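Participant: Residue numbers (the numbering used here): 843 to 1038. The structure is given below, and queries will be raised subsequently.
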Amino acid sequence: MTEPMIKGALIRDFVRWYTERYGKERLRRMAEMSPPDLRHLVEPDAHDMPALLASSWYPARLVHAILDALVEQHSEVDLERLTRDASRHVVRQSTSGVYRFLLEKVVSPELYAASVPRLWGQLHTTGKRHVELVGPGEAKSIVSAWSGHHPVLCTIVIATMAAIFELMGCRDIRWERTECVSRGGRQCVTRLTWRT
């Protein structure tokens, strides 16, 4: 079986945001917890940032080690708030100019749902994700066969979806995880609701 890989674009800006907010000592802790053969990618550089590149693929075990360091240093409540804040920041940072305009004026929940399987494949080498629009103001995100799963990464996926919906003009966005492989489920299913 091939090792699950995750695109650097998914984690690099998250780690940079985290380092700016919580300091390089936390980044050093992430590096300490990383697999020895990959540790150099997370150790602070001359600018106190990791060497992760957005365009490179990284073993899921590296991303998992980074996320395990977060779990070690934050309570469950703090971790959920942190993932929401970081995801919102990363989405806003990565969508500027024409991309921001398109998200705010053109992209709809329907177009997003249609794009999710392709977008997933650009960030993960394992798993399949699709979004079903259940009714007005309600969607269901389903991720299956995801051997690169990590509970915090699962939350980041949904927090990112919520941040994108927010840019699309959706309000009062809420989500509820109804099934997750980290809790013994066969797949990860999250219900997202919003108002327009």
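For glycine and all other residues, C-beta sits at the position ideal for the given N, C-alpha and C. Treat the numbers as computed from the prediction; the structure is a model and nothing was measured.
So, are the CB atoms of P846 and S983 less than 8 Å apart?
Facilitator: Not closer than 8 Å, so no.
Participant: Should S897 be labelled buried (16 or more other beta-carbon atoms within 10 Å of its own) or exposed?
Facilitator: Result: exposed.
Participant: Can you grab the Cα-Cα spacing for the pair K947 / L965, in whole Å?
Facilitator: Those two C-alpha atoms are separated by around 25 Å.
Participant: Smallest Cα separation from L1009: which of V958, V933 and K866?
Facilitator: Considering only alpha carbons, the answer is V933.
Participant: Cutting at 7 Å between CB atoms, please list the residues of its own chain near A1001, excluding the five before and the five after it.
Facilitator: For A1001, where only same-chain residues beyond five positions count, the Cβ hits under 7 Å are T925, R926 and S929.
Participant: Are there 16 or more other CB atoms within 10 angstroms of the CB of L895, so buried, or fewer, so exposed?
Facilitator: Exposed: under 16 other Cβ atoms inside 10 Å.
Participant: For F943, count neighbouring C-beta atoms within 10 Å of its own C-beta (all shown protein chains included) and say buried if the count is 16 or more, exposed if not.
Facilitator: F943 is exposed by the Cβ-count criterion.
Participant: Kindly indicate which residue of C996, A987, R971 and V913 has the alpha-carbon position closest to the one of R868.
Facilitator: When only C-alpha atoms are compared, the closest one is V913.
Participant: Any idea if L953 is buried or exposed, counting beta-carbon neighbours within 10 angstroms, 16 or more meaning buried?
Facilitator: So L953 ends up on the exposed side.
Participant: Hey, how far is the Cα of K849 from the Cα of W899?
Facilitator: Those two C-alpha atoms are separated by around 4 Å.
Participant: On the CB-based measure, 16 or more other CB atoms within 10 Å of its CB, does S957 come out buried or exposed?
Facilitator: When all chains shown are included, S957 counts as exposed.
Participant: If you follow the beta strand (DSSP E) that S957 is in, where does it begin and where does it stop?
Facilitator: Unbroken run through S957 is the alpha helix (DSSP H), P951 to G963; no beta strand (DSSP E).
Participant: Can you list, in chain order, the residues of its chain with a C-beta nearer than 6 Å to that of V905? Leave out the 5 residues immediately preceding and following it.
Facilitator: Closer than 6 Å at the Cβ level, and outside the excluded window around V905, lie I848 and I853.
Participant: For R1019, report the span of its alpha helix (DSSP H) as first-last.
Facilitator: Note, R1019: premise wrong, no alpha helix (DSSP H); beta strand (DSSP E) at R1013 to E1021.
Participant: Give a yes or no on whether the C-beta atoms belonging to R1013 and R1037 are separated by under 8 Å.
Facilitator: Yes, the pair counts as a contact, with Cβ atoms nearer than the cut-off.
Participant: Which same chain residues, not among the five before or five after P959, have their C-beta less than 8 Å away from its C-beta?
Facilitator: Counting only Cβ-Cβ distances below 8 Å, and skipping sequence neighbours, we find K970, R971 and H972.
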